[in-house]
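S.K.: Quick one: this structure, given as structure tokens, is what I'll be asking you about.
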Amino acid sequence: SVPSATQCEVCPASEGKFSELEGSAECQLTDKGYQIVDDGEGNGIGQQPCEPGFYADQGVTEWQCQECDHTQGKYQPLGAQSLCQIVDKGYFLQAPDPSSPKSPVSCPEGTFRGPEARVFMGCLNCDAERGWYQDEEGQFQCKSVQLGKYIVVDPASSLP
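Residues 14 to 173, numbered by our numbering, are exactly what the sequence shown covers, in order.
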């Protein structure tokens, strides 16, 4: 015998539940990296992926995509992700505006960004006058000139 049904139950968007098909026998749970879509009355009718720069972890973020906190060095270059990535030493994030990339930029030669530097301040110049230099990109500290050697300073290479 087939069981009979007397009413339809709601898939509550507030619990991350949705149903995309009419006649569904059960609700689905929103996937990590996706946010719930509701019908304006609290009924979950689907899910959509988070855009790059955002993340969603089931239940932790109220079933909505949350922006990665760029001020804390967090970013996400991909869509539909459940976590943010953290900027590595030797890299920095460009200013957080819609026209800038959401991915880290490598510090150029002659500069560095250590773990204590703010992620938006960019890279710092190595102090050539005190015997410090950096001949590689993406570094977190400067190198010291060895005894018996000196630094040739190129004034055109200094950063603003």
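The C-beta atom is built at its ideal place from N, Cα and C for all residues, glycine as well.
This structure is a prediction, so every number in the text was calculated from the model and none was measured.
In chain order, what residues of the same chain lie with their CB nearer than 6 Å to the CB of D51, ignoring the 5 residues before and after it?
M.R.: A26, G57
S.K.: Excluding the 5 residues flanking S119 on each side, which residues of the same chain have their C-beta closer than 8 Å to its C-beta?
M.R.: G103, Y104, E150, G151
S.K.: What would DSSP say about Q174, mapped onto helix, strand or coil?
M.R.: Residue 174 lies beyond the stretch modelled for the chain, which goes from 14 to 173, so this question has no answer here.
S.K.: Using 10 angstroms around the beta-carbon of L160, count the other beta-carbons present and answer buried if the total reaches 16, otherwise exposed.
M.R.: exposed
S.K.: Can you give me the C-alpha to C-alpha distance between V158 and W145, rounded to a whole angstrom?
M.R.: Whole-angstrom Cα-Cα distance: 6 Å.
S.K.: Given that a residue counts as buried once 16 or more other Cβ atoms are within 10 Å of its Cβ, and exposed if not, what is L106?
M.R.: buried
S.K.: Since I believe G92 is in contact with P65 (beta carbons under 8 Å), could you give me their beta-carbon distance rounded to a whole number of angstroms?
M.R.: 5 Å
S.K.: Give me whichever residues DSSP pairs with S157 in a beta bridge.
M.R.: W145
S.K.: For S37, count neighbouring Cβ atoms within 10 angstroms of its own Cβ and tell me buried if that reaches 16, exposed if not.
M.R.: exposed
S.K.: Go ahead and label Y88 buried or exposed: buried means 16 or more other beta carbons lie within 10 angstroms of its beta carbon, across all protein chains shown.
M.R.: buried
S.K.: Mind reading off the beta-carbon distance from G86 to Y68? Whole number of angstroms is fine, and I expect it under 8 Å.
M.R.: With 8 Å as the limit, G86 and Y68 do not qualify as a contact, their Cβ atoms being about 14 Å apart.
S.K.: What is the DSSP secondary structure of T84, reduced to helix, strand or coil?
M.R.: helix
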